[in-house]
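Residue numbers (our numbering): 273 to 602.
Note that the Cβ used here is the ideal one computed from N, Cα and C, for glycine as well.
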């Protein structure tokens with residue numbers, strides 16, 4: 273049922289048909305409520321908490337994947353190259369921990385702390401804390417790690433955590449979908465929200481005033497043992513199964529085809545809680561998944577299961593301007 277709802281919403285929000293407009297009357301009060309909430313924080317009628325170090329928030333205004341996490345990984349590495357000691361907080365979305373906040377390592381259970389948090393810990397080797405309450409996560413991280421800058425993976429709408437820099441990430445192909453807020457469209461906040469962020473980063477084709485980001489990656493790594501890497505050309509000839517439980521799986525499927533693979537695509541909802549049944553097709557063919565899905569599947573993956581890690585390639589101007597705004601590390 274979840275997969276059916278996922279496909280229907282995707283078609284309604286990003287398809288050419290206009291049948292989502294019937295929900296437009298419900299979007300108006302939603303959009304009004306998020307505007308009011310933001311005004312309350314801006315005017316000090318609700319409290320935003322500063323935590324003593326610069327905070328960079330990476331988020332989006334649309335539901336679903338836009339490339340936030342690869343950009344967070346890129347930021348950690350680039351800020352570290354400039355002398356910063358970064359830490360990352362995540363929401364722990366879809367994690368079922370009995371207690372928050374949670375320190376996250378590369379070997380943490382994504383079912384407890386969320387797949388994105390584990391992926392960030394694995395790729396960044398920096399302190400990571402997950403919690404739905406971003407202020408609590410930030411204070412826990414700073415109380416236990418020597419960090420002088422904090423990056424929030426997602427959290428553009430979590431105004432309780434004061435921030436110094438806001439970076440909004442867009443999908444260059446899907447952009448804003450219908451342009452409506454939820455439920456008639458995919459937007460968490462009106463498009464006008466982008467006028468107030470510091471940087472807009474676009475995965476794909478960027479417009480004037482935006483910064484372009486591309487995701488690159490070619491080598492496949494084994495989900496059960498990521499020390500094993502191969503070129504896609506080394507896979508047995510024939511069709512492979514492509515599995516993606518992310519917000520927009522089409523670019524992933526397209527990337528595999530660009531690598532010369534013939535695929536049988538299997539799209540799952542974003543943050544899908546994979547089981548061994550989901551990635552077993554009983555035909556002996558290789559299975560390729562996203563890195564975010566691989567962290568959830570590694571405990572039951574076999575030698576036939578692979579993932580494609582990707583790295584963000586970002587307009588150099590973003591790094592230059594971001595560091596200029598932040599200044600030198602303390």
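Per the coordinates, the alpha-carbon of residue 406 lies some 30 Å from the alpha-carbon of residue 279. Per DSSP, the continuous alpha helix (DSSP H) segment holding residue 351 begins and ends at 340 to 353. In the three-state scheme derived from DSSP, where H, G and I count as helix and E and B as strand, residue 420 is classed as coil. Here residue 459 carries a strand assignment [DSSP, helix/strand/coil]. Annotation for residue 512: 528, 533, 534, 535, 536, 557, 558, 559 and 560 place their beta carbon closer than 8 Å to its own, counting only its chain and skipping 5 residues before and after. Take residue 463, set aside five residues on each side of it, and the residues of its chain with a beta-carbon closer than 6 Å to its own are 448, in chain order. Taking a 10 Å sphere around the C-beta of residue 565, we find 16 or more other C-beta atoms and assign the residue as buried.
Here residue 360 has 344, 348, 392, 396, 398, 400, 423 and 425 as same chain residues with Cβ atoms under 7 Å from its own Cβ, once five neighbours each way along the sequence are excluded. Residue 416 and residue 357 have their C-alpha atoms some 13 Å from each other. Counting along the chain, residue 311 sits inside the alpha helix (DSSP H) bounded by residues 296 to 314. CA-to-CA, the gap between residue 591 and residue 350 works out to about 7 Å.
For the 8 Å CB-CB criterion, residue 487 and residue 584 form a contact. As DSSP reads the structure, residue 328 sits in a beta bridge with 423 and 437.
Three or more Cβ pairs closer than 8 Å define a contact, and the stretch 493 to 503 falls short of that threshold against the stretch 475 to 483. For the options 283, 471 and 297, the alpha carbon positioned closest to that of residue 440 is the one of 471. A residue is called buried once 16 or more other Cβ atoms fall within 10 Å of its Cβ, and residue 553, having fewer, is exposed. The alpha-carbon separation between residue 484 and residue 446 amounts to approximately 15 Å. Separation of residue 574 and residue 457 (C-alpha to C-alpha, rounded to the nearest whole angstrom) is 39 Å.
In this structure, residue 390 sits near residue 567, with a CB-CB distance shorter than 8 Å.
In this structure, residue 454 places its C-beta atom within 8 Å of the C-beta atom of residue 335. At the C-beta level, residue 402 and residue 386 come within 8 Å of one another. When beta bridges are read from the DSSP output, residue 485 appears opposite 475 and 586. Counting along the chain, the unbroken beta strand (DSSP E) around residue 362 starts and ends at 358 to 362.
Residue burial annotation: residue 294 is exposed, with fewer than 16 other C-beta atoms found within 10 angstroms of its C-beta. As DSSP reads the structure, residue 443 sits in a beta bridge with 475.
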